[in-house]
Amino acid sequence: MLLEVNQKNISSAISLDEKTVSAWQAKIRDQSLKEIQEHKTKLGGPDKVVEIDGSVILKAKPTRNRHARPRKAKWIFALYYRQTGRSVIKSVSSRSAPVLIPIIQNNCLPGTIIHSDGWKGYKDLGKYGFIHKVVVHK
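Going by this note's numbering, the sequence shown opens with residue 33, and the numbers climb by one from there.
What follows is the structure in C-alpha cells.
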C-alpha cells in the first residue's frame, strides 16, 4: 500500500509532530537549494562543444524627439550545450572580454570546445583552458 507523502503521513510514520516535520522539510529544501546553487553542474568538458553568442536586445535609436528618454543598448550573452540541451543566458553590460570571459569560466569546464562567431572578445579563450573554434555564419 502506498501512502501519499505529506506532513501528516510522515509525522505519523516516524512519530513526530507535524510542526517538527515541517521545520525539517524546510531545512532540507533550503540546504538542497544551497547545494545546487554552490555546486551547479558546469557545461561541456574535454572534447564537448558549447556554443556561445551575444545579442543586443534593445538598441538606442536616434530620434528628433527631444522628450524621448535616452536608452542604452542592452546585451544578452548565451551559452548552449547541445548534448544536454542546457543553456545559460545572462544580461551583460557589454560584449567585451572582461565581461564575457568570467561568465564562460563560471559556466564551462576547462577543456571545453567553444564555438563562437569570432567576436574579438573571444580571441583569448585558449589562455583560459578552452579550445576556441570560429563558426562562420553564411
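Cβ coordinates follow ideal geometry from the N, Cα and C atoms, glycine included.
(request) Indicate whether I163 and V81 have their beta-carbon atoms separated by less than 7 angstroms. (result) In terms of Cβ geometry, I163 and V81 do not form a close pair [threshold 7 angstroms].
(request) Consult DSSP for D49 and reduce its assignment to one of helix, strand or coil. (result) coil
(request) Work out the CA separation of W151 and T95 for me, nearest whole Å. (result) Roughly 29 angstroms between the two C-alpha positions.
(message) Tell me the DSSP secondary structure of S126 in three-state form.
(response) In this structure, S126 counts as coil in the three-state DSSP scheme.
(message) S148 and I84 - do their beta-carbons sit closer together than 7 angstroms?
(response) yes
(request) With a threshold of 16 other CB atoms inside 10 Å of the CB of N139, please say whether the residue is buried or exposed. (result) buried
(request) Check the C-beta distance from P172 over to G161 and give it rounded, since I have them as a contact under 8 angstroms. (result) There is simply no residue 172 to check, as the chain begins at 33 and stops at 170 in what is shown.
(message) Using only the alpha-carbon positions, how far apart do A55 and E36 sit?
(response) 19 angstroms
(request) Would you tell me roughly how many angstroms separate the C-alpha atoms of K74 and T116, rounded to the nearest one? (result) 11 angstroms
(message) Determine, for A110, whether the minimum Cβ-Cβ distance to residues of chain B falls below 7 angstroms.
(response) The question asks about chain B, but that chain is absent: this structure has only one protein chain.
(request) Measure the alpha-carbon distance for I136 versus G158 and round it to whole angstroms. (result) 12 angstroms
(request) Could you tell me the distance, in whole angstroms, from the CA atom of Q63 to the CA atom of H99? (result) Their backbone Cα atoms lie some 50 angstroms apart in a straight line.
(message) If you follow the beta strand (DSSP E) that Y160 is in, where does it begin and where does it stop?
(response) Y160 -> no beta strand (DSSP E), and no H or E assigned at all.
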